[in-house]
Amino acid sequence: MALNPKAAGKGDSECAETGEPLSEGGEADKKSAATSATANQNGDQPGCRDGVMPEQEATERRRSVLADGRGSSSSPLSASKSSEELPRKNFQIPRKTRERKGLYQFLPPESREFEDLVKLISSFYLDASSRGTFSYCKARLIHNELLEKEFIEKRREMKQEGRAEQELVESYCFLFPDKSKLQWICEKGLSVGHCRITTLGNPSVGVYLSKYSDLLQINPFEVGSFGDMIIFKVMRGRIKHIHENMPKNAIESSPKFDCHLSKSANRVTSLLSYRAFELTQQYFFEFAFDEIKARPRHVCPYAVVSFQYKGKEVAASPMTAHRFNTISPEGSRGTFYIYSIFPVPVINLFFLFSTTTVVNLNIP
C-alpha cells in the first residue's frame with residue numbers, strides 16, 4: 001500500500017515547527033525520538049515542545065498550575081518564608097533609664113570632696129583663730145537642676161549686657177537657717193522676706209547672706225552649739241555701697257545694681273566687733289521689667305554642711321565668764337558697747353573693783 005504524500009508532508013511540517021532542521025541519514029528521526037523520551041520523563045505530552053495546544057488542554061494546564069501553587073503556599077515551609085518576607089515592625093531596645101540623681105549628694109568624711117569643702121569654708125573665716133573651733137561632721141552637695149540652670153542663664157544675660165568680668169566672678173556666701181526651712185530653701189531657692197535685717201535694704205525685696213562662714217548669727221555661738229549651714233554660690237554683679245547715715249530711700253533696690261554692701265564692712269576685724277554680723281551681710285536682689293523677683297537667680301544653693309562649735313582652746317577670760325551672767329538684761333546693750341571700746345584689761349579692772357560701776361555706766 002502506497003503512503004499518503006499529504007500525511008507525510010503534514011508530519012514533516014509539525015516537526016519543522018520545533019526549529020530543528022532535518023539532517024540527512026535519519027538524524028531528525030533520532031532527535032525526535034530523544035525529544036519524545038525526554039518529554040515522557042518530564043510528564044509532558046509527546047510531540048513538539050512549542051506546538052499549539054488545544055484550548056481545553058491549555059485551560060486545564062493553567063488550573064493545575066494554580067492548584068500546585070496553592071498547595072505549595074499552604075505548606076509550613078512556605079508559610080515561614082512568607083512570614084519572613086513580611087515587613088517587620090520597628091522594635092527598639094529600651095534604653096536603660098539613668099538613675100535620677102537626688103537633691104543631695106552625700107560626701108564621705110574621708111573623701112577628697114569633703115576635704116575641699118572644709119577648706120572652702122575655712123578660707124572664708126573672718127577670724128583666723130576660728131580654725132579648730134568648728135568641727136564639720138556631715139556634708140552634702142545640692143543638685144538642683146532648675147536653680148543651676150537659672151544661675152547660668154543669669155550669668156549669660158549679664159554677659160550679653162556687657163558687664164565687666166569682675167561682676168561675673170562667682171563667689172560664696174553662707175546662711176544659718178532655721179531647721180524647718182532648710183529643705184525648702186534647698187529645693188526652691190532662697191526667696192525674699194526670709195529675715196528681718198534692714199541695714200542694707202528692705203528684706204521683702206531682697207535676700208541677706210553672710211560674707212564670713214564663722215559669723216553666721218548676731219550673738220556668738222555657745223560651746224556645744226550645732227546646726228546646718230547652707231553654702232550659696234553667688235555673683236555680686238554691680239555693687240552699691242551703703243553708708244550708715246544714708247536715708248531709707250537711698251538704699252532702695254535699683255535696676256542698675258544687683259547687690260548692696262556696707263561701706264563699713266572693712267572696719268569689722270573681729271567676731272566681737274560692734275554690729276559685726278549686720279555690717280558684713282550681703283544683700284542680693286533682681287529686677288524683671290521693673291518688678292522685683294521673688295528669688296534672685298544669681299544666688300544658688302550649693303552645699304549643706306553640719307557643724308558643731310567646740311569653742312576656743314584657750315580658757316575663757318573672766319570677762320567672758322561674766323558677760324551674760326553678772327550683768328542685768330536691761331544693761332546688756334550698753335555692756336556690749338563698753339566691751340567694744342575699752343581694752344579687755346580695763347574691763348577686768350572694772351569688774352575687779354566695782355561691778356556696780358560698770359552697771360551704772362550702761363547706756364539706756
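Going by full-length UniProt numbering, the sequence shown opens with residue 1, and the numbers climb by one from there.
For every residue, glycine included, the Cβ atom is placed at its ideal position computed from N, Cα and C.
Only counting the same chain, and skipping five residues up and downstream in sequence, which positions put a Cβ closer than 8 Å to that of P203?
Within the same chain, P203 has close Cβ partners V192, G193, H194, C195, R196 and I197.
Our contact map puts L175 next to R155 with C-beta atoms below 8 Å; I'd like the distance itself, whole angstroms only.
Actually they do not touch by this definition, with Cβ atoms about 21 Å apart.
Considering only residues of the same chain and omitting the five flanking positions on each side of N249, which have a CB-CB separation below 6 Å?
none
Give every residue of the same chain whose Cβ lies closer than 7 Å to the Cβ of P177, excluding the five residues on either side of it in the sequence, and list them in chain order.
I185 and I230
Could you please give me the residues that DSSP links to M235 through a beta bridge?
E170
For K181, I'd like the list of residues in its chain whose CB is within less than 6 Å of its CB, leaving aside the five on either flank, ordered along the chain.
No residues qualify anywhere along the chain.
Going by C-alpha distance, which of N219, M246, S254 and L271 is nearest S262?
M246
Residue ranges of each alpha helix (DSSP H) run of no fewer than 4 residues wholly in the UniProt domain "TASOR pseudo-PARP" (157–301), ordered along the chain?
179–188 and 276–279
Helix or strand or just coil, what does DSSP make of residue 389?
Because residue 389 is not part of the residues shown, which for the chain are 1 to 364, the question remains open.
Taking E161 as the reference, which of Q308, G237 and S253 has the closest Cα?
G237
Rounded to whole angstroms, what's the CA-CA distance from S311 to S129? Just pull it up for me.
First, the residue type needs correcting, since residue 311 is Gly and not Ser in the sequence shown. Going by the C-alpha atoms only, they are around 10 Å apart.
Let me know the secondary structure DSSP gives L146 once reduced to three states.
helix
Counting Cβ pairs, one atom from each stretch, are 3 or more of them under 8 Å apart for the stretch 286–299 and the stretch 212–222?
no
So, under 8 Å CB-CB, C173 and Q282 are touching, yes? Tell me the CB distance rounded to an integer number of Å.
The beta carbons of C173 and Q282 sit about 6 Å from each other, so the pair counts as a contact at 8 Å.
If you follow the alpha helix (DSSP H) that Q120 is part of, which residue opens it and which one closes it?
Per the sequence shown, residue 120 should be read as Leu rather than Gln. Residues R112 to S122.
In the structure shown, what three-state DSSP assignment does R155 receive?
R155 carries a helical assignment under DSSP once its states are collapsed to helix, strand and coil.
So, is D116 buried or exposed, given that buried needs 16 or more other C-beta atoms within 10 angstroms?
Here D116 is exposed, its C-beta having fewer than 16 other C-beta atoms within 10 Å.
Keeping to the same chain, check which residues put their C-beta closer than 6 Å to that of A265; ignore five residues upstream and five downstream.
L279 and T280.
Could you tell me the distance, in whole angstroms, from the CA atom of E110 to the CA atom of A139?
C-alpha separation (whole angstroms): 11 Å.
If I measure Cβ to Cβ from V305 and keep anything under 6 Å in the same chain, skipping five residues before and after, which residues do I get?
Y136, A139 and M229
Inspect the beta-carbon positions of S253 and V205 and report whether they are closer than 8 Å.
yes
Decide if L146 is buried, meaning its Cβ has at least 16 other Cβ atoms within 10 Å, or exposed.
exposed
Leaving out five residues before and five after residue 378 in sequence, what residues of the same chain have Cβ atoms less than 8 Å from its Cβ?
Since the first and last residues shown for the chain are 1 and 364, residue 378 lies out of range.
At the level of alpha carbons, what is the spacing between K149 and F287?
18 Å
Can the beta-carbon of F307 be found less than 8 Å from the beta-carbon of F226?
yes
Could you round the C-beta distance between E187 and N144 to whole angstroms and report it? I think they count as a contact, below 8 Å.
7 Å
Leaving out five residues before and five after G189 in sequence, what residues of the same chain have Cβ atoms less than 6 Å from its Cβ?
L147 and R295
Could you check the C-alpha separation between S122 and P255 for me, to the nearest Å?
34 Å
Quick check on D127: does DSSP put it in helix, strand or coil?
coil
Which residues in the same chain as I142 place their Cβ atom closer than 7 Å to its Cβ, once the five residues preceding and following it in sequence are excluded?
L103, Y104, C186, P301, Y302, A303 and V304
Pull the bridge partners of K138 from the DSSP assignment, please.
Answer by DSSP bridge pairing, in chain order: S306.
Where R297 and S270 are concerned, what is the direct C-alpha to C-alpha distance, given to the nearest angstrom?
Going from the Cα of R297 to the Cα of S270 covers about 31 Å.
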